[in-house]
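Novice: Chains as they are written, first to last, in this note's numbering: chain V, 1 to 301; chain L, 1001 to 1442. We treat Cβ as the ideally placed atom computed from N, Cα and C, and that holds for glycine. Dropping the structure in here first, questions after.
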């Protein structure tokens, strides 16, 4: 009986964690493993929806699939643009909401509303806002004399992508802002006071105190947003349906079409697996930076 | 009394209580069984007297328009009740709803109202029951050949069409007459006539069509391709003809319409309505469109009222013009409990009586040749007589199970060839390759 307290604690720890692990295994590991298994088969209308083992055929087909690469590119453009815009705007909003002013509580509550509304509803609204005939955006631009004829926002590739990015930024910035606000509140005011006594300008304080101390929250917010934006479906499906001509088609929408419209289950599964691997790679990278950061700020691994 | 067994008394009491309770309960059980049987019997009687319910989903607009046909059917068949379930107005969403209901199993629909391009997919997925041979052959002879063929998959009939649609050429008869020209037959005729009239100032544009990347592009291209003597996919051999010279010729014709200033550059973003607005506004000599544009162009407030005609699509010299067939029909779901009754509905919707009703009430194009000479219909729509030639020359989009995918591949590459991002040869080579991979032919 040489079990140390530490060992016993460890064992208890495992016991406590096993139920959660089992749930994770059922909810995440099983579907992914099954998708991978299915991706080794050809199961589509050509095979009367019967699975026929075809090895890595689906993956080979993906390499030649121009549409897949276009959707990856679209997804990256969407993800990176929304991420950057949301971080910048979210930071601005968080800084404002962190100041003491009258009615701050009310403003904080209002700021979260876009994020709390159902996406399909917001997407429908934005589709009308960008409508070429009756849209508010065209109306404002026409009245200001910036354009002569209405822009067909959702009907042309680049404007359509811009439109869905704007809609997503509008909806999700508040989420980023709230995350960053929580981080800001954990930074002691003493630091700023001491810094300003040392003669630092507000900009210097922001650069040298706020940003470094807020880095964990920024990374977590980026991580959340990256994972969500990479899998974006509802907003774009409702606003443009992936159009015009696939210009706003993201990976999720392509997977949906492959499975639901084409009934190409094997190939759809292969698309899921590749997207999953890409996503995990990025998240692992971010998690790695996060843990390094933790080590740097707290000295504890 | 039995004081010698004081302890047994409570036991006796208990036994008696138990026996009594048990017999009481037995009665109760008996009663419950009787009542349950009664209810079942009653329900059975009630149900057999109730009409059989058949469900079918259509887009909300189509469902509203089908109401009167259903009414008449129910009058003639009091034992069958058809429930029209309203789906979304976008037909691709209706297809998605049907698809998910079948994928999840136990679809609630007995009948399926199908667009002609869904049929191969639904049939290949074995979601449909093929229509039994009980439909007499002579009942099928009146149907337009392409429309009937659109209901077949691998030789079996799954759908009877009740409404057709076909692409065709609209031309401004007044402008052609002024210029002393006949309606064009070939691609070249159309370009020449357009340029002549454009130069004379008759109209800004010569020809408007649908060039946007969407299903309508595939339908429009199908006509030009068939008119050039080419093919997209041979449904029997699954050979792909997109990289053949005829397909390149078809693309070159479309590109030349823009290149020679006959079509507006924006035509590659047009759907049906953009084209119709230009044509109806008097800004174009020719237009490729579906029949719906005819009554609109002839309405009271239309600037071109009575000044245009229709004819089959133009074609290459030595070929014939082809119209891409669209349209709707009913099939029977494999989950139905009442296939015989469902068949009655399918036949009624395709019958002369129902199609005439739909033509008169909703302006649907019938799928039966005889109705194009029906005096009542011609009185209301005199132009239907000219439509017969168009619908008789109908071509089907390839009836392969993976049509939706094949169409998306074609649309992508065709659009990039039409907008000049890729050369026609390269685009069609890529499209043909991807289609071959899709069909498992490489």
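(1) Just to confirm, are residue 1223 of chain L and residue 1324 of chain L a CB contact at a threshold of 8 Å?
(2) If you run the structure through DSSP and keep just helix, strand and coil, what is residue 179 of chain V?
(3) Buried or exposed for residue 1461 of chain L, please, with buried defined as at least 16 other CB atoms from any protein chain shown within 10 angstroms of its CB.
(4) Using the DSSP secondary-structure output, state which residues sit across from residue 1315 of chain L in a beta bridge.
(5) Could you pull out every unbroken alpha helix (DSSP H) segment of at least 4 residues lying fully inside the segment 157-223 of chain V, listed in chain order?
(6) Pick out whichever of V:127, V:188, V:115 and V:30 has its Cα sitting closest to the Cα of residue 170 of chain V.
(7) Whose C-beta lies closer than 8 Å to the C-beta of residue 292 of chain V among residues of the same chain, with five residues either side of it excluded?
(8) For residue 1030 of chain L and residue 1123 of chain L, what's the separation of their Cα atoms in angstroms?
(9) Taking the C-alpha atoms as reference points, what is the distance between residue 1052 of chain L and residue 1111 of chain L?
(10) So residue 1082 of chain L is in the beta strand (DSSP E); what residue range does that whole segment cover?
(11) Anything in chain V within Cβ reach of residue 1125 of chain L, meaning under 7 Å, just list it in chain order.
(12) Can you tell me whether residue 17 of chain V is helix, strand or coil according to DSSP?
(13) Pull out every residue of the segment 1392-1417 of chain L whose Cβ sits closer than 7 Å to any Cβ of chain V, in chain order.
(14) Is the Cβ-Cβ distance between residue 1170 of chain L and residue 1293 of chain L less than 8 Å?
(15) Determine the closest residue to residue 1393 of chain L out of L:1376, L:1440, L:1326 and L:1381, with distance taken between C-alpha atoms.
(16) Quick test of your reading: residue 1303 of chain L and residue 1282 of chain L, contact by CB under 8 Å. State the CB separation rounded to the nearest angstrom.
(17) Does residue 1341 of chain L pass the burial test, meaning 16 or more other C-beta atoms within 10 Å, or should it be called exposed?
(18) Can you find a CB in chain V that lies within less than 8 Å of the CB of residue 1435 of chain L?
(19) With a cut-off of 8 Å, does the C-beta of residue 1213 of chain L fall near any C-beta of chain V?
(20) If we define contact as Cβ-Cβ less than 8 Å, is residue 67 of chain V a contact residue for chain L?
(21) Ignore the nearest five residues each way along the sequence and tell me which others in residue 30 of chain V's own chain have a CB closer than 7 Å to its CB.
(22) Assign residue 114 of chain V to one of three DSSP states: helix, strand, or coil.
(23) Can you give the beta carbon distance from residue 1113 of chain L to residue 1056 of chain L, rounded, assuming they're within the 8 Å contact cut?
(24) Tell me whether residue 233 of chain V sits in a helix, a strand or coil according to DSSP, three-state version.
(25) DSSP on residue 1129 of chain L, reduced to helix/strand/coil?
(26) Kindly confirm or deny that the segment 223-236 of chain V and the segment 1069-1084 of chain L touch, where touching means at least three C-beta pairs closer than 8 Å.
(27) So with Cβ pairs under 8 Å, would you call residue 1096 of chain L a contact of chain A?
(28) Using the rule of at least 16 other Cβ atoms within 10 Å of the residue's Cβ for burial, across every protein chain shown, is residue 1004 of chain L buried or exposed?
(29) Go ahead and label residue 300 of chain V buried or exposed: buried means 16 or more other beta carbons lie within 10 angstroms of its beta carbon, across all protein chains shown.
(30) Does the beta-carbon of residue 1234 of chain L have 16 or more other beta-carbons within 10 angstroms, so that it is buried, or is it exposed?
(31) With residue 1171 of chain L as the anchor, note down where its beta strand (DSSP E) starts and where it stops.
(32) Does the segment 93-111 of chain V come within contact of the segment 165-180 of chain V, defined as at least 3 CB pairs closer than 8 Å?
(33) Output, in sequence order along the chain, the residues in the segment 1265-1276 of chain L whose CB is closer than 9 Å to any CB in chain V.
(34) Run through DSSP, which three-state label would residue 1164 of chain L get?
(35) Enumerate in chain order the residues of its own chain whose CB-to-CB distance from residue 52 of chain V is below 8 Å, with the five nearest sequence positions on each side excluded.
(36) Please identify, using Cβ separations under 7 Å, the residues of the segment 1028-1043 of chain L that lie next to chain V, in order along the chain.
Specialist: Taking the coordinates as given:
(1) For the purposes of this step, residue 1223 of chain L is identified with residue 223 of the second chain, where counting begins at 1. For the purposes of this step, residue 1324 of chain L is identified with residue 324 of the second chain, where counting begins at 1. In this structure, residue 1324 of chain L lies closer than 8 Å to residue 1223 of chain L by Cβ.
(2) Taking the first residue of the first chain as position 1, residue 179 of chain V is located at position 179. Here residue 179 of chain V sits in helix by DSSP.
(3) It is not possible to answer for residue 1461 of chain L, since the shown part of chain L is limited to 1001 through 1442.
(4) For the purposes of this step, residue 1315 of chain L is taken as residue 315 along the second chain, with counting starting at 1. For residue 1315 of chain L, which the question treats as bridged, DSSP gives the partners L:1186.
(5) 157-185, 189-197 and 202-205
(6) Residue 170 of chain V sits at position 170 when you count from the first residue of the first chain. Taking only the C-alpha atoms, the option nearest residue 170 of chain V is V:115.
(7) Stepping through the first chain from its first residue, residue 292 of chain V is reached at position 292. Closer than 8 Å at Cβ, skipping near neighbours: no residue.
(8) The count along the second chain starts at 1 and reaches residue 1030 of chain L at position 30. The count along the second chain starts at 1 and reaches residue 1123 of chain L at position 123. Distance between the alpha carbons of residue 1030 of chain L and residue 1123 of chain L is about 51 Å.
(9) Mapped onto the second chain, residue 1052 of chain L falls at position 52. Mapped onto the second chain, residue 1111 of chain L falls at position 111. The straight-line gap from Cα to Cα measures roughly 13 Å.
(10) Indexing the second chain from 1 puts residue 1082 of chain L at position 82. Element bounds for residue 1082 of chain L: 1080-1087.
(11) Within the second chain, numbered from 1, the residue matching residue 1125 of chain L stands at position 125. Residues of chain V passing the Cβ test: 45, 49 and 263.
(12) Translated into positions along the first chain, residue 17 of chain V becomes position 17. DSSP places residue 17 of chain V in helix when its eight states are reduced to three.
(13) Residues of the segment 1392-1417 of chain L whose Cβ lies closer than 7 Å to any Cβ of chain V, in chain order: 1401, 1402, 1404, 1405, 1412 and 1415.
(14) Position 170 of the second chain, counted from the start, is the residue given in the question as residue 1170 of chain L. Position 293 of the second chain, counted from the start, is the residue given in the question as residue 1293 of chain L. Yes, Cβ-Cβ distance for residue 1170 of chain L and residue 1293 of chain L is below 8 Å.
(15) Stepping through the second chain from its first residue, residue 1393 of chain L is reached at position 393. If we check each option's Cα against that of residue 1393 of chain L, L:1326 comes out closest.
(16) Reading the second chain from its first residue, position 303 is the one you call residue 1303 of chain L. Reading the second chain from its first residue, position 282 is the one you call residue 1282 of chain L. So it is a contact: roughly 5 Å between Cβ atoms.
(17) Counted from its first residue, the second chain places residue 1341 of chain L at position 341. Buried.
(18) The residue given as residue 1435 of chain L occupies position 435 in the second chain. No, residue 1435 of chain L does not count as interfacial toward chain V.
(19) Start at 1 with the first residue of the second chain, and residue 1213 of chain L comes out as number 213. Chain V contact via Cβ: present.
(20) The residue labelled residue 67 of chain V in the question sits at position 67 within the first chain. True, the Cβ-Cβ gap to chain L drops below 8 Å.
(21) Taking the first residue of the first chain as 1, we reach residue 30 of chain V at position 30. By the criterion of a C-beta distance shorter than 7 Å, residue 30 of chain V is surrounded by no residue of its chain, once the five residues flanking it on both sides are discounted.
(22) For the purposes of this step, residue 114 of chain V is identified with residue 114 of the first chain, where counting begins at 1. Residue state, collapsed to three classes: helix.
(23) Translated into the one-based positions of the second chain, residue 1113 of chain L becomes position 113. Translated into the one-based positions of the second chain, residue 1056 of chain L becomes position 56. Right, their Cβ atoms sit about 6 Å apart.
(24) Here residue 233 of chain V is taken as the residue at index 233 of the first chain, counted from 1. Three-state result, residue 233 of chain V: coil.
(25) Taking the first residue of the second chain as position 1, residue 1129 of chain L is located at position 129. DSSP places residue 1129 of chain L in strand when its eight states are reduced to three.
(26) no
(27) In summary, chain A is missing from the structure at hand, where the protein chains are V and L.
(28) Indexing the second chain from 1 puts residue 1004 of chain L at position 4. Because residue 1004 of chain L carries a pLDDT of 45, less than 50, the predicted location of this residue cannot be relied on, and the following value inherits that uncertainty. Exposed, by the Cβ-count rule.
(29) One-based indexing of the first chain puts residue 300 of chain V at position 300. Because the pLDDT at residue 300 of chain V is just 47, under 50, the model does not fix this residue reliably, and the value given afterwards should be weighed accordingly. By the 10 Å Cβ count, residue 300 of chain V comes out exposed.
(30) Taking the second chain and counting its residues from 1, one reaches residue 1234 of chain L at position 234. It counts as exposed.
(31) Locating residue 1171 of chain L in the second chain gives position 171, counting from the first residue. Segment 1168-1171, the beta strand (DSSP E) holding residue 1171 of chain L.
(32) yes
(33) 1269
(34) As a working note, residue 1164 of chain L is residue 164 in the second chain. Looking at residue 1164 of chain L - three-state DSSP - the assignment turns out to be strand.
(35) Mapped onto the first chain, residue 52 of chain V falls at position 52. Answer for residue 52 of chain V: 41, 42 and 43, listed in chain order.
(36) none
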